[in-house]
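Numbering of the sequence shown is given in my numbering, commencing with residue -13 and proceeding in unit increments.
Just so you know, even glycine gets a beta-carbon here, dropped at the ideal spot from N, CA and C.
Encoded as structure tokens, the structure appears first; notes follow it.
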Amino acid sequence: MDAAQKMDQQYRYQRYVYDLSRKYYLLGRDTLLSEISVKAGEHVLEVGCGTARNLIKLSSMHPEAKLYGLDASQLMLDSAYEKRQFQKTNNIALKQGLAQQVTPEQFGVEGGFDHIVCPYVLSMIPNWHEVIEQAIKNLKVGGSLHIVDFSDQSAMPTWFSKLLLTWLDWFNVHPDPKLPAYLATLSERLGGELTIKQIAGRYALIVHYTKQGE
């Protein structure tokens, strides 16, 4: 069973309650969206867009931007198309595919994306570092990568962290505490501007990385 089939299997029924349930523990998504400075006409890709919840919010905030959503699960994208709010947007395009393989050309975008958003998707992908490297490759010079995901919960009670990780494991979510160090090393190697902000007692982190020119 490939990655797309696994995601369809996982979300076959979850997709109907996804937005309602996830708002209670996918903290920081709206904060991340509010911190992205999008100009009219810019191209914004969300990796792991699911039901298009975040894209619909971005469309409301930036109606003149060009928005694109990628998800491994076609069933999740089917739910996105069914959403009443989605029907009111005219600047969102959705495609099924894998984050490690996506290219701007798949969406008819030349020269790369201005922004790529990864909301709680890296912790679901074992080879998450490939997603980050592909995202940076797909950015224009001066473009930005934006991430929100689970952190190490080191400022929270140990029992809470163990309970959270056990629960996330049921949904094939495996946060990697090495993410911040990896991003710092990558930024040193490639250049560019990196900011990492811990939120809610290190429950989650918010990352912004701007790609440097050659």
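Pull up the CB-CB distance for residue i and residue j, whole angstroms please, since I reckon it's below 8 Å.
i, j, result
"residue 38", "residue 80", "7 Å"
"residue 13", "residue 186", "5 Å"
"residue 216", "residue 62", "In the structure as shown, the chain starts at -13 and stops at 200, and residue 216 therefore has no counterpart that could be examined."
"residue 196", "residue 179", "4 Å"
"residue 191", "residue 182", "6 Å"
"residue 105", "residue 18", "7 Å"
"residue 108", "residue 133", "7 Å"
"residue 137", "residue 184", "6 Å"
Using the three-state DSSP reduction, which class does residue i fall into: helix, strand or coil?
i, result
"residue 100", "strand"
"residue 86", "coil"
"residue 10", "With a pLDDT of 46 at residue 10, under the threshold of 50, the modelled position of that residue is not reliable, and no figure is offered here."
"residue 152", "helix"
"residue 196", "strand"
"residue 58", "coil"
Where does residue i land, buried or exposed, given buried means 16+ other C-beta within 10 angstroms?
i, result
"residue 155", "exposed"
"residue 189", "buried"
"residue 7", "Only weak support is given to the placement of residue 7: the predicted model assigns it a pLDDT of 45, under 50, and the value that follows is read from those uncertain coordinates. Burial call: exposed."
"residue 140", "exposed"
"residue 76", "exposed"
"residue 127", "exposed"
"residue 114", "buried"
"residue 125", "buried"
"residue 41", "buried"
"residue 161", "buried"
"residue 58", "buried"
"residue 149", "exposed"
"residue 85", "buried"
"residue 130", "buried"
"residue 170", "exposed"
"residue 55", "buried"
"residue 66", "buried"
"residue 51", "buried"
Any heavy atom of the ligand FAD within a distance shorter than 7 Å of the CB on residue i?
i, result
"residue 98", "The ligand FAD is not part of the structure shown, which contains no ligands of any sort."
Taking the runs of the beta strand (DSSP E) that are 3 residues or longer, which of them lie wholly in the region 112 to 142? 125 to 136
Within the region 164 to 191, note down every full beta strand (DSSP E) run reaching 3 residues or more, in order along the chain. 179 to 185
For the pair the region 14 to 33 and the region 90 to 104, tell me if three or more CB-CB distances fall below 8 Å. yes
Contiguous alpha helix (DSSP H) assignments of at least 4 residues, all confined to the region 16 to 56: 39 to 47
How about the region 42 to 56 and the region 68 to 75: do they share at least three Cβ pairs that are nearer than 8 Å? yes
Looking at C-beta atoms only, is the number of pairs between the region 110 to 129 and the region 138 to 145 that lie closer than 8 Å three or more? no
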